[in-house]
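**Student:** Quick note: the sequence shown uses this note's numbering, first residue 752, plus one each step.
We put the CB at the ideal spot given by N, CA and C, even for glycine.
Submitted below is the structure of interest, expressed as structure tokens.
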Amino acid sequence: MKVMKFGGSSVGNAEKIRLVASIIKSEAQKTAVAVVLSAMKGITDALILCAESAEKGDLSYKTALGKIAERQRSTFIDLIGPDKEKDAFSSLEQMLFELQEILLGVQMVKECSLRSLDLIVSFGERMNNTVAAAYLRSTGFDAEFVDSRSLVLTDSSYGGAKVDYKESYRRIREKLKEVKGVPIITGFIGSDSQGVTTTLGRNGSDFTASIIAGASGSDVVEIWTDVDGVLSADPRSVKRAFVIPEISYQEAMELSYFGAEVIHPYTMIPAIEKNIPILIKNTLNPSAPGTRIVKDITPHNRPITGIASIKNVALINVEGSGMLGTPGIASRVFGALALAEINVIMISQASSEHSICLVFREVQGRCALEALNRELSEQVKTKRIENFVIREGLEIISVIGENMIGTPGIAGKIFSALGESGISILAIAQGSSERNISFVVDKTDRDKALNTVHDAFLV
Ligand code: ASP
Ligand code: MG
């Protein structure tokens, strides 16, 4: 069996849904298939905006909602026409009606919790999968809409819920046994033990596909998107970027964690556990081989595999003589940040124990600064720790690859190439896995830094 997941850009309009349907049909002739679809491109963002406007009492959400409804209905009519699949059309109308009522509720109470937001965004996947399944049936192909809220059991951390694999796998296996034809499953959404709708976090449909694959013991998970595979660097900045034919799970995880957009990092979790290969494919260019993500890659002699980057980060240095040989400072720093729910993306500590450098998303920067000031006010007052200064407008660049493990000289080459290009480095971190060397630069140096490293290793 194979699980095929198509992202929002692959199902962005009626024409693309036709293309996706033809790919599904041709695969279904060869093997058993389960399909996972995202919402149509832009719908999740549009739903979030509607919710935010409604919460503020800004009535413009009604116009935006009207546009969403119009897009869903016209896609249905374009694909299926007015006479077929009447049950699916009324189920679409019913969802649009509920969505309108829920947003009206948000507008009235002027409050939209993460829990309500999860319910609101879930309509994107539910509507799209309803339409796609109906379209497939209308062409004489056996397909059934499956709402993953009855399959994927999660905890109640709305906005990014944790999956209970054991129970989810059991439910998925049960369901797949009874589905007639090819299941067309909503990505991204699940429900908690009370049956309340949850989501797996933005771009979570990839993860859903991998959960379905893990449960069903699939031979492969295919992630269909709008690029030819995982690229060696962001092609918008690096003209010579190329599609990497094969990468390891660990490399894929590092690349996606550090900003490569092509696959959600959690997708690798069920795949690793069950040793299921993941294949990245391009819906607009199905004959391209794509990128295979596997446990053991075929050896190659490129010293690095790829370069990823995270935009809009900020850096705070915690330094001062009072830190030298004083145990517990690091734990207080991280404790305070954890309490303030700050996600630290990168850390480096100088071996002098004199400073710890912390990097997080710029939007969390101010909040991090406050948390540190609160926790260490005494040390700052007595000058054992210097005043915290935040530096914004930065970018993390990560150089990733299994071949770096045990190969001396890679870091030296990276930093001397950057030095020769006149790029100044604000912080450096290397994971002890040796699969990743990350550094922070000013965002104005980003493109130059990406090209410098790419040219140094990958041409
Ligand atoms: N529709 C959801 C999002 O935009 C999930 C996904 O596309 O994977 O985040
Ligand atoms: Mg995606």
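Comparing C-alpha positions only, which one of A820, G763, E895 and V933 sits nearest to A779?
**Tutor:** Nearest option by C-alpha distance: V933.
**Student:** What are the partner residues of R1125, as DSSP defines its beta bridges?
**Tutor:** According to DSSP, which records beta bridges pairwise, R1125 is partnered with nothing at all.
**Student:** Just checking my contact of A1178 with F1190 at CB under 8 Å: how many whole Å lie between their CB atoms?
**Tutor:** 7 Å between Cβ atoms; contact.
**Student:** Sorted by chain position, which residues of the same chain lie with C-beta nearer than 7 Å to A894's C-beta, five sequence neighbours on each side aside?
**Tutor:** Here the set comprises A884, L887, R888, G932, V933 and I935.
**Student:** Out of D979, S1072, I1044 and I1174, which one is the CA nearest neighbour of N1036?
**Tutor:** The residue with the shortest Cα to Cα distance from N1036 is D979.
**Student:** Express the C-alpha separation of V972 and L1169 in angstroms, rounding to a whole number.
**Tutor:** Those two C-alpha atoms are separated by around 38 Å.
**Student:** Can you check whether the CB of I963 is closer than 8 Å to the CB of I1020?
**Tutor:** It is not a contact, given that the beta carbons lie outside the stated cut-off.
**Student:** Can you tell me whether L870 is buried or exposed? The criterion is at least 16 other CB atoms within 10 Å of its CB, across all chains shown.
**Tutor:** It is buried - the Cβ of L870 has at least 16 other Cβ atoms within 10 Å.
**Student:** What is the DSSP secondary structure of K1046, reduced to helix, strand or coil?
**Tutor:** DSSP places K1046 in coil when its eight states are reduced to three.
**Student:** At 4 residues or longer, and completely inside the segment 1005 to 1057: list those alpha helix (DSSP H) runs for me, N to C.
**Tutor:** The segment 1005 to 1057 contains these whole alpha helix (DSSP H) runs: 1019 to 1025.
**Student:** Using a 10 Å radius around the Cβ and a threshold of 16 neighbouring Cβ atoms, would you call M859 buried or exposed?
**Tutor:** M859 comes out exposed.
**Student:** Within the same chain, show all residues whose beta-carbon is closer than 6 Å to that of G875, passing over the 5 residues directly before and after it, in chain order.
**Tutor:** Result list for G875: A790, I794, T795 and L798, in chain order.
**Student:** Measuring CA to CA, which of Y1008, A1039 and K1046 is closest to I1023?
**Tutor:** If we check each option's Cα against that of I1023, K1046 comes out closest.
**Student:** Does DSSP classify E929 as helix, strand or coil?
**Tutor:** In the structure shown, E929 sits in a helix (DSSP, three-state: H, G or I).
**Student:** Pick helix, strand or coil for R1142, following the three-state DSSP scheme.
**Tutor:** Strand.
**Student:** If you check the beta carbons only, do L1066 and V1110 fall under 8 Å apart?
**Tutor:** Yes, the pair counts as a contact, with Cβ atoms nearer than the cut-off.
**Student:** Consult DSSP for M755 and reduce its assignment to one of helix, strand or coil.
**Tutor:** M755: strand per DSSP, three-state reduction.
**Student:** So, with DSSP's three-state summary, where would you put K1233?
**Tutor:** Nothing about residue 1233 can be read from this structure; the chain reaches only from 752 to 1210.
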